[in-house]
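J.: Below: one structure in structure tokens.
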Amino acid sequence: MNEPGLIYVFDGYCAWSYGFAQTMVDLVTAHPDISVEVLCGGLYVGPARVPIRRLGDQRGVHRRIAELTGAWFGDGYERLTGDGSFVMNSTAAARGFAALRRAAPERAVELAAAVLEAFFVDGLSLAEPETYRRVAREYGLDEVAVVAGFDHPWSLRAAEADFARVRRSGVAAFPTLLSANGRELMAGFATAQQLEERLSALLRPVGRHAARE
């Protein structure tokens, strides 16, 4: 039986999305027939774009993420954000991801993980085209096309379309994983085992025979 379609919502500047990224990669690796659409959430847009020092105890959040997921925050990230002045721009991050996604839509989950790693490990700004050139190079994609896409107005339209779809879906936390019909499988955090159990429940037949179980 083919796997159901899933919708994965993340944000390139969301630390919880970073912590969950490898679990999501592992899930699609374990289910090669799965169809996953990846959308950007728009966490830091408009008035939410403030210096990182104004976002509270980020180090405490990172410790909690590391405890739960094993993800680590790199020296490059610490150098970029250490003085608290860095301002995260989710629109720029979504534009860069849109360019990568267009280049290799079948690898969108991997590319989302690469974008998150570029920021949270290597400390690369997701507002810089060279960040996407580097990711494209690492994944064997057309670097010129990806950078051109980041700078082109279509990527802004793509980012805004993602944000609008996420708002309409009612997603309130990142990352979130939905079935294609909008059923929430995960919001914020889940282990690989929990995801497998929820995916199995999604696949379970519904009806008279299932009701007898």
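Every position in the sequence shown, counted from 1, becomes a number in our numbering once 309 is added.
Glycine included, each C-beta is placed from N, C-alpha and C at the ideal position.
Just so it is clear, the structure is predicted and the values come from calculations on it, not from any experiment.
1. Here's a check: name, in chain order, each residue in its chain whose Cβ is nearer than 6 Å to the Cβ of A417, leaving out the five neighbours to either side.
2. When you compare each of G379, G350 and G314 to D342 by their alpha carbons, which one comes out closest?
3. Suppose contacts are defined by Cβ-Cβ distances below 8 Å. Is L435 in contact with A482 by that definition?
4. How is the alpha helix (DSSP H) around I361 delimited, first residue to last?
5. Comparing alpha-carbon positions, which option in D431, G350, V396 and L512 lies nearest D384?
6. Exposed or buried, which one is V480 when buried takes at least 16 other CB atoms within 10 Å?
7. At 4 residues or longer, and completely inside the segment 373-409: list those alpha helix (DSSP H) runs for me, N to C.
8. In three-state terms, what does DSSP make of T485?
9. Tell me V345's beta-bridge partners as DSSP assigns them.
T.: Quick look at the numbers:
1. V347 and R410
2. G314
3. no
4. Careful: I361 lies outside any alpha helix (DSSP H) and carries neither H nor E.
5. D431
6. buried
7. 384-390
8. strand
9. L315
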